[in-house]
Structure formats: structure tokens, C-alpha cells
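In what follows, a structure is listed as C-alpha cells, so that the remarks can point back to it.
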RNA sequence: CGGGGCGUAGCGCAGUCUGGUCAGCGCACUACCUUGGGGUGGUAGAGGUCGCAGGUUCAAAUCCUGUCGCUCCGACCA
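Numbering (this note's numbering), first residue to last: 197 to 759.
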């Protein structure tokens, strides 16, 4: 390809809303262009990268025995009603009507569509297992699209669905997919961790996320310093930390604590470590048909993990409760304690059997001192947000926090959807049973941005060998120089004949302009055909290091063919 | 969903408060000259119903109303 003919509009300036390297460089380098909020066009260079990622994903999945299909991007709304998930997905699900007034959605994921495809077509255990996947456009009407390709509304994703006759076989496939996804990310040249995850709106039991490590990631992940434990902050567990009760003396009873309502105030008032306090977090839980106040009790120095909290309540959503709402429920804000009555309560497991605590007395201006959880039959759950320095449940070492970008997610789904949609097969005993399913997803367009988040410098992109649009760029330093031009043309033809993907910068521009574009594009290497040619030399530049190496013009072709 | 901001040339912006002399700047683009190893310098050009609709006025980019779009912080987010 000749750069003079390539549609790759590079710019010096980035869009004003672009803050992340991947967003800035992909737009500046002419890989992508925004057309609407959270919707991007892929220009030739971007499309090339996308195709490469896609090809790697396909190759590895096919090797693992999966079969590619392509489902309609538009899905009848009927299927979403059938699975009961239309409510849960809420306004992220883009609905519309056709001319006959029938309802449709733009697919944000395709569990329903895929189950529909398989039900009544796969009827026997003899046809299982089956793993179908597609690489298709998805649409989620994000409340707030941002960060370029990392959080768009329209995006490209690989989504796979496997069908099994037993949980064991599904788990075998799940393990296979963990390996397969790892292979894909390895080939893409990414640093990542597979972490324990919350299963969220999709339902199901076990799930793991593939987190590409990046400072700009939107997810907090917890990693053990010693062992292989890693988890999304939403799902991360920790060992019970406890609090020393030495040198603590308390006379049990209610204590007058006027205007002492927060944990900080309470700790200061009693001159005590917040670990000895009981924090009450009140939320309003919204269910399909009603709403109610729910209380969560934690150690004073812990914070509530809302995802865990939501999951224990089984509600659709948790929102902050106002003081009026609390009072209406018979609670006294600032003085709520575990003995509160007529309200749903959950207590963090950390507090089980703890003694010598201070908590709200459920009456105005009083706290209970010397409170004990021993023998108290509360609903103990894991509710806390793990902090840096907490203790690993697996090995007892220290946990650290880092950030990541979710690139993939695998789920042990079970029978949730096959049951809801009535998808069954005949088992070995001739009885109808719902399929046991697994579901797997990998964000193809997001990976493109992710690669740049991890591989860039202050000049632009740095593509990996497996993802670069072109292997080599040839820069003619002075296109008015006939000798340079002719040599570059010859080298270009020779490399192409040898099967290399080459981009020839034949534009009538100055050297600085061209080398800057090369750095912005980020192809692995460039050959500079410049003034050294008079002495029989050209240069090879490595994009990653920006190191230039003089090479004799006669051997440069050979040299380039080696790598 | 709560709270802000912005729509003026392909991109980034000034002009709006105080209506008329206001269709402007930088980059990019076209032609010619110049330069030729880190976005060279110059001359001459092309390009905009000032997001859209309505209103006020002798007069609207500017004031009013509505509407659409984009965006930032937060909430939310397989």
C-alpha cells in the first residue's frame, strides 16, 4: 500500500474529550472516527487491526472445537420477555418497533437468541456437547459512553454459548475456555489476570473475568502477593481480620451520645479504633413489585460492597435511602443498630461472634456499648469491600489492589436460560432435561483499545507483531531525490513480492512529518531511505525503542526478511 | 438518573454578557515559489444557511422560547 493512496487521516490535535492514550492515538492515527455518542467508524487501518484480532480469536476458538455462527443483530423482543431478562437489563436494552408495530431489540448479548436457535434442533444427549460462537456487533445503550472504544454503545464482541448434558461437562468446557482465552490474550501480547468475578445480570454460578492490567482500567481488582488468588473488587473475599480486644474495657449498656452520628464522630467520642464500632448502612432496595429499606451492618472500618449487597438482597437495584424514608421505616438515622426491628437486616460475616462492640441503640442520642454478636442469629453474609493490605483467604498473604480493563468473561451459566426458554434434550434415560450451559464473551473492539493502553508511548501507538496493520513502513526522506525514490520503490516491490505487508510513504512531505506519522501509526519497524543512501546505507528504525540502525542498502532486504 | 458545559469552516477556537462596523483566528486543504533528517518559509486562494425551529426587533451568531446533538463530574455498567 502507498500512503499517498491510503485513507488514513492523521491529525496533530486530538478530540477535546479524548483523555486516554488509546482514544487519542486511535483517532489521531486515523484508525477510528466517532460518528455519534459511543459509536465509532473503523477506517482502513482500524479495520485491519480489527480483522487481525478477530482472526486470532477465531483460530483459537475453532481449534478448541467451537463453531462460528452469525446471529441477527436485531432480535425479537418476544425472546427477551420469555427469558424474563428485559426488566433486568433495563434501559441499556435498545428497543424499537418495525412498520408492523412489532417490538425488537438491538442485541446487547445473545443468550436468548442462541438458545432459541438450538432448542428443538438439538434433541439428544448424543448431539452434545455443542459450543457455538459469533463475532458480531452488539449494542448497549450505555448511560454514559466514554473513553473511545473502551466504553462505547456499539461494539464488536465474540460471544460463545456451550450446551451440555451435565454440570461436569460444562465445567470441563469452562476450563477449556479459560485456557483458550488465555491463549488469545497471550498471542495479542497482553498482560492480564483471570480473576474471580460477580456474575451480575447474566446470572449463573462461577465466573471469571479476564482483566488486562492497565492504570486507566475502570475495574478495581484484588491480587494476592503470594498465591494465584485474584478477584474483581466486586467479588473479592478476604480472611477475617478481627480486632484485638486487649486493653478494651466496656461496661455494657446504653450510653448518651448526643450529636454523635457518624463512625468518625463515634470513634473520636469513645477514643476507640473504628474496628470496634458497628457501621449501619441503609439502602432502599427496589424489587419488581415493591421497595423496602434494607440494613447492612459492617465493622466500622469496612465499607459496603454494593454489588455483594445487591446480590444478597436479590433486588433489582439498591439506591441511597433518604432520612425521611428511614424515619418512616421506624429507624433513627445516626443511631441505627443491629437490634432494629421490622426491617430486613444483613450482617457482615466479619462480625459473627464478635464481642465488645459499640453500635446504635435504635433510640435517639444513644449508642449501645459492649454489644456482643455471640449467639445472635443474624443473616451473616460477605458484604465488605476488600482493601489493600487485607489478608488472602487462600494463603494468608497480603492482598494488593490494581486496575484492569475487562477484556473477557466466562460463566458457568447452568440451566437459567434453557429452563426459562424451555430448551430441553432427551438424556440417556430418555427423559427431557434442560441444557446445562456455559457462556463466554470477549470484547474484540475493546481489545483493540486495550492493546494501545498497554503498548504506547508519548508519540503514539506501538502495535504488536500479531496485530499491526503493516509490518514495515518505508519512508522516503526526500521524495525529490530520484535515487532515494527509485530505491524505495524497488525495496517496496521486493518486500511485497516476498510476502511482507508494507506501507510506502511516498508523499511529498518533509522528513519530520513522515517520521512523526510513522511513530503515531506504530508499525513495528520502518526503513528510512535518506541521505545515507549516497554512501550506500539506509536505516532500520524499531518503533518500540525508536533505535535507528544503519544497514547497507544491498543487504537491507535480506535483513528485513530475517525477522 | 442527578448536576454542569458546549454546538460559529474538516479539526481546535475567539466573537454572545453590552444586537448594527462581525463572518474571524490557528492548524489542515488548493496553486505557485522556497526548503529537504524531526510537522520549513512565503505569496495567492477555496471553504461557514453561526445545530435546528419559532419569537422579539428597523436590525439577531448575539436577546427569548422550544427542540436536537455532543460532552464533563457523579450514579450506573457481563
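Backbone N, C-alpha and C fix where the C-beta goes; we use that ideal spot for every residue, glycine too.
For the beta strand (DSSP E) containing residue i, list its first residue and its last residue.
i	result
residue 487	487-495
residue 312	Segment 307-314 is the alpha helix (DSSP H) holding residue 312; no beta strand (DSSP E) there.
residue 721	721-725
residue 479	474-482
residue 513	513-516
residue 553	553-559
residue 734	733-738
residue 293	291-293
residue 389	388-392
residue 191	Because the chain spans 197 through 759 in this model, residue 191 falls outside it and cannot be assessed.
residue 444	Where residue 444 is concerned, there is no enclosing beta strand (DSSP E), given that its DSSP letter is neither H nor E.
residue 528	Where residue 528 is concerned, there is no enclosing beta strand (DSSP E), given that its DSSP letter is neither H nor E.
residue 426	426-428
In or out: residue i buried (at least 16 other Cβ within 10 Å) or exposed?
i	result
residue 581	buried
residue 447	exposed
residue 266	exposed
residue 608	buried
residue 628	exposed
residue 635	buried
residue 204	buried
residue 698	buried
residue 434	buried
residue 404	buried
residue 680	buried
residue 492	buried
residue 735	buried
residue 538	exposed
residue 441	exposed
residue 741	exposed
residue 354	buried
residue 757	exposed
residue 423	exposed
Identify the continuous alpha helix (DSSP H) that holds residue i and give its terminal residues.
i	result
residue 222	217-224
residue 708	707-717
residue 692	678-693
residue 275	273-279
residue 367	363-383
residue 505	502-509
residue 464	459-466
residue 753	752-758
residue 522	519-524
Looking only at its chain, what residues have a beta carbon closer than 6 Å to the beta carbon of residue i, apart from the 5 residues adjacent to it on each side?
i	result
residue 198	700, 702
residue 660	385
residue 714	669, 722
residue 413	599, 600, 601
residue 568	551
residue 323	none
residue 402	608
Ignore the nearest five residues each way along the sequence and tell me which others in residue i's own chain have a CB closer than 7 Å to its CB.
i	result
residue 650	386, 387, 408, 410
residue 311	613, 614, 617, 619
residue 521	480, 489
residue 683	725, 729, 749
residue 325	358, 359, 360, 365, 369
residue 280	616
residue 471	439, 495, 496, 497
residue 391	404, 405, 407, 417, 426, 427, 428
residue 238	228, 246
Determine, using beta-carbon pairs with one atom in the region 239-259 and one in the region 639-649, whether at least three such pairs fall under 8 Å. With a cut-off of 8 Å on Cβ pairs, the region 239-259 is in contact with the region 639-649, counting three or more such pairs.
Beta strand (DSSP E) runs wholly inside the region 626-672, at least 3 long, in chain order: Listed in chain order, the complete beta strand (DSSP E) runs (minimum 3 residues) inside the region 626-672 are 628-630, 632-639, 668-672.
Segment contact flag, the region 618-633 with the region 370-384, C-beta cutoff 8 Å, min 3 pairs: With the cut-off at 8 Å, the region 618-633 and the region 370-384 do not touch.
Taking contact to mean at least 3 C-beta pairs separated by less than 8 Å, is the region 264-284 in contact with the region 298-305? As far as the Cβ criterion goes, the region 264-284 touches the region 298-305, which means the pair count is three or higher.
Secondary structure, beta strand (DSSP E): runs of 3+ residues fully inside the region 565-622: For the region 565-622, whole beta strand (DSSP E) runs of length 3 or above, ordered along the chain, are 595-610, 620-622.
Is the region 495-505 close to the region 537-551, with three or more CB pairs under 8 Å? Short answer: they touch.
Three or more C-beta pairs below 8 Å linking the region 704-712 and the region 660-674: Yes: the two stretches touch, three or more of their Cβ pairs being nearer than 8 Å.
Residue ranges of each beta strand (DSSP E) within the region 208-270, 3 or longer: Positions of the beta strand (DSSP E) runs, each at least 3 residues long and wholly inside the region 208-270, are given as 228-232, 235-238 in order along the chain.
Assess, as a yes-or-no matter, whether the region 357-367 is touched by the region 333-342 under the definition of 3 or more beta carbon pairs within less than 8 Å. Per the Cβ contact rule, the region 333-342 is not in contact with the region 357-367 (fewer than 3 Cβ pairs under 8 Å).
Could you tell me whether the region 526-542 touches the region 475-488, where touching means 3 or more Cβ pairs closer than 8 Å? The region 526-542, when compared against the region 475-488, does touch it at the 8 Å Cβ threshold.
Examine the Cβ distances between the region 213-224 and the region 318-325 and report whether three or more of them are shorter than 8 Å. Here the region 213-224 makes no contact with the region 318-325; the two share fewer than three CB pairs at distances below 8 Å.
Taking one C-beta from the region 231-241 and one from the region 338-345 each time, how about it: are there three or more such pairs within less than 8 Å? Look at the beta carbons and you see the region 231-241 touching the region 338-345: at least three pairs across the two are nearer than 8 Å.
contact_flag[the region 508-522, the region 459-468] where n(CB pairs < 8 Å) is 3 or more: In short, these stretches do not touch, since the Cβ pair count stays below three.
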